[in-house]
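Before any comments, here is the structure.
Number of protein chains: 2
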Amino acid sequence: MSRVVVAGTFDTKAEPLGLLVEKLRSLDAPPVTIDTGVFGGDHGCDHPAEAVAETAGYSLEELPPLGRAGAVSAMATGAARILRQLVDGGAVGALVCMGGSNAAAAFSVLAPIVPIGVPKILMATSVAGETRALVHGGDVTMLYPILDIEGDNRILRSMISRLAHVSVALLRAGGEHPVSAPEDSVALTMYGVTNPCVAHCRELLVDRGLEPLVFHANGTGGRSFESFVRQGLVASAIDVTISELADELFGGLWPAGSGRLTGASLSAVPQAIAPGAIDMICLGPLASLPERFRSRRHVAHNDLVTLVRTTPEENHRLGRTVAERLGTPGAATSVLVPMKGVSQLDIEGGAFHDPGSVEAFAEGVASGLPPHSPVSLVRMDHHINDREFAEALVAAVDPVRAR
Amino acid sequence: MSRVVVAGTFDTKAEPLGLLVEKLRSLDAPPVTIDTGVFGGDHGCDHPAEAVAETAGYSLEELPPLGRAGAVSAMATGAARILRQLVDGGAVGALVCMGGSNAAAAFSVLAPIVPIGVPKILMATSVAGETRALVHGGDVTMLYPILDIEGDNRILRSMISRLAHVSVALLRAGGEHPVSAPEDSVALTMYGVTNPCVAHCRELLVDRGLEPLVFHANGTGGRSFESFVRQGLVASAIDVTISELADELFGGLWPAGSGRLTGASLSAVPQAIAPGAIDMICLGPLASLPERFRSRRHVAHNDLVTLVRTTPEENHRLGRTVAERLGTPGAATSVLVPMKGVSQLDIEGGAFHDPGSVEAFAEGVASGLPPHSPVSLVRMDHHINDREFAEALVAAVDPVRAR
Numbered sequence: 238m239s240r241v242v243v244a245g246t247f248d249t250k251a252e253p254l255g256l257l258v259e260k261l262r263s264l265d266a267p268p269v270t271i272d273t274g275v276f277g278g279d280h281g282c283d284h285p286a287e288a289v290a291e292t293a294g295y296s297l298e299e300l301p302p303l304g305r306a307g308a309v310s311a312m313a314t315g316a317a318r319i320l321r322q323l324v325d326g327g328a329v330g331a332l333v334c335m336g337g338s339n340a341a342a343a344f345s346v347l348a349p350i351v352p353i354g355v356p357k358i359l360m361a362t363s364v365a366g367e368t369r370a371l372v373h374g375g376d377v378t379m380l381y382p383i384l385d386i387e388g389d390n391r392i393l394r395s396m397i398s399r400l401a402h403v404s405v406a407l408l409r410a411g412g413e414h415p416v417s418a419p420e421d422s423v424a425l426t427m428y429g430v431t432n433p434c435v436a437h438c439r440e441l442l443v444d445r446g447l448e449p450l451v452f453h454a455n456g457t458g459g460r461s462f463e464s465f466v467r468q469g470l471v472a473s474a475i476d477v478t479i480s481e482l483a484d485e486l487f488g489g490l491w492p493a494g495s496g497r498l499t500g501a502s503l504s505a506v507p508q509a510i511a512p513g514a515i516d517m518i519c520l521g522p523l524a525s526l527p528e529r530f531r532s533r534r535h536v537a538h539n540d541l542v543t544l545v546r547t548t549p550e551e552n553h554r555l556g557r558t559v560a561e562r563l564g565t566p567g568a569a570t571s572v573l574v575p576m577k578g579v580s581q582l583d584i585e586g587g588a589f590h591d592p593g594s595v596e597a598f599a600e601g602v603a604s605g606l607p608p609h610s611p612v613s614l615v616r617m618d619h620h621i622n623d624r625e626f627a628e629a630l631v632a633a634v635d636p637v638r639a640r
Numbered sequence: 238m239s240r241v242v243v244a245g246t247f248d249t250k251a252e253p254l255g256l257l258v259e260k261l262r263s264l265d266a267p268p269v270t271i272d273t274g275v276f277g278g279d280h281g282c283d284h285p286a287e288a289v290a291e292t293a294g295y296s297l298e299e300l301p302p303l304g305r306a307g308a309v310s311a312m313a314t315g316a317a318r319i320l321r322q323l324v325d326g327g328a329v330g331a332l333v334c335m336g337g338s339n340a341a342a343a344f345s346v347l348a349p350i351v352p353i354g355v356p357k358i359l360m361a362t363s364v365a366g367e368t369r370a371l372v373h374g375g376d377v378t379m380l381y382p383i384l385d386i387e388g389d390n391r392i393l394r395s396m397i398s399r400l401a402h403v404s405v406a407l408l409r410a411g412g413e414h415p416v417s418a419p420e421d422s423v424a425l426t427m428y429g430v431t432n433p434c435v436a437h438c439r440e441l442l443v444d445r446g447l448e449p450l451v452f453h454a455n456g457t458g459g460r461s462f463e464s465f466v467r468q469g470l471v472a473s474a475i476d477v478t479i480s481e482l483a484d485e486l487f488g489g490l491w492p493a494g495s496g497r498l499t500g501a502s503l504s505a506v507p508q509a510i511a512p513g514a515i516d517m518i519c520l521g522p523l524a525s526l527p528e529r530f531r532s533r534r535h536v537a538h539n540d541l542v543t544l545v546r547t548t549p550e551e552n553h554r555l556g557r558t559v560a561e562r563l564g565t566p567g568a569a570t571s572v573l574v575p576m577k578g579v580s581q582l583d584i585e586g587g588a589f590h591d592p593g594s595v596e597a598f599a600e601g602v603a604s605g606l607p608p609h610s611p612v613s614l615v616r617m618d619h620h621i622n623d624r625e626f627a628e629a630l631v632a633a634v635d636p637v638r639a640r
């Protein structure tokens, strides 16, 4: 039976966490509890702090010399290992974290361990602010508690009651619609400038009776895409838009982390990759553009976003990085390069048109592939948004599907 | 009977919003629907787009000339008026918005209309990112849908099912714990540097059988504080920490908007105000400090936050602004000024100690008060964190309470 797992610092938040546990019990959903508090103490947890520390390779006494950050990180490591075992055993129906900034930090480590389809729930004041590291592309629910989660008062009781009800509702809703039917879903990545390509692909996929799942590749979307693919929730992946990699390597706004472009290879999911939107690094308002980008070609996308042209050298490095991250994939993998341009801006007469950059990308891929790599690299005499290019992408993942 | 209110652009999101409505009905929670779509059309809404536009003073035909932003804003205005009527009639048990960036924008206008205690729920990809404008200090729940909310697919169905379950759970949990018992709750505002003052106040309040509710004044907390006070959810307010005003006026990280310091006066809640932490403007990492602040005294609070000393001139302006915002309050109002310092850093020997600034603040208050103002301004020969100062704050709001 999968249950709610509550992870928190029972040492300093004993009262509110105790209220949460009690409330979940009263709703017939007794939780599994993990104490991530560095000070220990007996709080009746299923996984007390001593055990969490030991799982990370420490005794509680060895934590203080690590300093505050080190101790918190050690406990998160221990909790992550315990959670992974619970997940592997099918015991986790929802993850719930509640507390202050430590709870948010623990959540950002623990939530990615929980598969998509299993709710991840956080109540902390820090959900008001920059939440990308908390969401991390996952199916996350966040509650703002209004007050700090400290002690016991009626407002907090009301918020904790809500958190318990939400957790139980999500736990029970889980089975109603399976999150995916892997055998006929295909994951794609999109930007506005690659929209026509993805629209063509969608149409072709739907014609084949497949379900396209489109991820908006703005940092969070790329993480979601990788999670989906890594967890085998799709039959194949058409990774049309990899601009997050440019943001990661060259200091843009929307990197998706070092896991980007690794999921399909690791999980043996057939994939076709196109260098969509690698002509651009996404940066903030024009006025805030760092000195090093000012002399480059750039386009003000709106008041908040400025797109800066990548150089041929950067494109070579992008290609090489793609090849390195693909590694030795366990299923058919193609990199299709549209030689007439990689985005709506990189098109004949467009602001970012530069065929030399596309060629540099292709050469970068070639240089990064090991000898006898199973990855096929194909230069195509099309623009990325040509229908023929979309047909090639779909064909590249089609024949290998078991249907 | 209070019900779930669903507001959304039924023109462009007819499929997913239709699924949500259907799901809520199947859970015995048929929603009230408000169509904020600018293109109109018959979607069976209780408040169709035509009616929403008319409530804002337009016909649908008059919207296109306003431009996209103008049209969206007009619809939000209309929806806000309708929602306010529903709230006043006691018809709103929860607000639910779902969609893209328009849904998020509408939510940020609509959620503040819904009283604290009534859940406000948003599902949109934009909950991954900067959420302060979405949360706005309210008791908000946010779901990240993984995919864009477009069309109909199984992942999205699963996420919409979750949203419906969460909405119903929150609707039904609402009555379980009332959000407040106004007659014996007192709202306070805190920073780390005013923590001792608030701790003293809490102890004194608890001794009197009162329940202290402490808000962390980091922009969002100040908004929550103002909402609580404005909605009459507390017996009195002790506003110890008003540094958000410095951030608002002088370009700091955590402003709480122009509503700060207005709630108690508007709602005739007795209040005591202290200039806690007005010695500091909160800014980002040291390396990012704007030129104009570099020559000032500053303290690196941590890697992410640098505190910059406010000047006597700025303190005068802060005092004047406080007086202006208090206006002519409808209940006893005191401004108590701790002449020996306003924070842990502004203390004899401390990095920000500067009695001239405190005096400038007091003079600013005096200069901003109208003749015969009922606001009492009291200079006290104490530091803000002295126990005697906390006693004076509690005494200032105590005698007027009806008990």
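Top to bottom, those sequences are chains A and B. What the first sequence shows, in our numbering, is residues 238 to 640, in sequence order. What the second sequence shows, in our numbering, is residues 238 to 640, in sequence order. Note that beta-carbon positions come from the ideal geometry of N, C-alpha and C, so glycine has one too. Treat the numbers as computed from the prediction; the structure is a model and nothing was measured.
Using a C-beta to C-beta distance shorter than 9 Å, which residues of chain A count as neighbours of residue i?
i        : result
B:Met335 : Those do not exist, as B:Met335 stays about 13 Å from chain A at its closest Cβ, beyond 9 Å.
Closest Cβ-Cβ distance between residue i and chain A: below 7 Å?
i        : result
B:Met617 : no
B:His402 : yes
B:Ser263 : no
B:Thr570 : no
B:Glu625 : no
B:Glu413 : yes
B:Ser480 : no
Grouping DSSP H, G and I as helix and E and B as strand, with all else coil, what is residue i?
i        : result
A:Gly388 : coil
B:Cys519 : strand
A:Arg640 : Low local confidence applies: a pLDDT of 40 at A:Arg640 is under 50, so the model's placement there is unreliable, with the coordinate-based value given in what follows. Coil at A:Arg640, not helix or strand.
A:Pro302 : helix
B:Val333 : strand
B:Gly556 : helix
A:Gly274 : coil
A:His453 : strand
B:Pro608 : coil
A:Leu359 : strand
A:Asp476 : strand
So, does the CB of residue i fall closer than 7 Å to a CB anywhere in chain B?
i        : result
A:Val634 : no
A:Ser233 : This structure cannot settle anything about residue 233 of chain A, because the visible part of chain A is limited to 238 through 640.
A:Glu485 : no
A:Arg305 : no
A:Ser310 : no
A:Ala410 : yes
A:Thr249 : no
Using the beta-carbon of each residue, which ones in chain A are nearer than 7 Å to residue i?
i        : result
B:Tyr428 : Here the premise fails: no neighbours, minimum Cβ distance about 12 Å.
B:Asp385 : Val451, His453
B:Leu407 : Arg399, His402, Val403
B:Val377 : Tyr381
B:Ser461 : Ile383
Excluding the 5 residues flanking residue i on each side, which residues of the same chain have their C-beta closer than 8 Å to its C-beta?
i        : result
B:Asp385 : Gly337, Thr362
A:Val289 : Ile271, Asp272, Thr273, Met312, Gly315, Ala316, Ile319
B:Leu323 : Val242, Val269, Val329
B:His590 : Gly578, Leu582, Asp583, Ile584
If I measure Cβ to Cβ from residue i and keep anything under 6 Å in the same chain, skipping five residues before and after, which residues do I get?
i        : result
B:Val346 : Ala313, Ala317
A:Pro507 : Ser473, Ala568, Ala569, Val634, Val637
A:Ser594 : Pro549, Asn552
A:Gly564 : Ser502
Does the CB of residue i have a neighbour CB from chain D at under 7 Å?
i        : result
A:Arg467 : In the displayed structure, chain D is absent; the protein chains listed are A and B.
I want to verify the contact list: residues of chain B whose CB lies under 8 Å from the CB of residue i, in sequence order.
i        : result
A:Arg369 : Ala365, Gly366
A:Val372 : Val364, Ala365, Tyr381
A:Thr543 : Simply none; closest approach about 17 Å.
Using C-beta distances below 7 Å, list every residue in its chain close to residue i, excluding the 5 sequence neighbours before and after it, in chain order.
i        : result
B:Ile353 : Gly375, Asp376, Val416, Ser464, Phe465, Gln468, Leu470
B:His280 : Phe247, Ala251, Asp272
A:Ile621 : Thr431, Cys434, Ala511, Gly513, Pro575, Gly578, Val579, Ser580
Interface residues of chain A around residue i at Cβ under 8 Å?
i        : result
B:Thr499 : Near B:Thr499 there are no residues of chain A at all, since even the closest Cβ is about 19 Å away, more than 8 Å.
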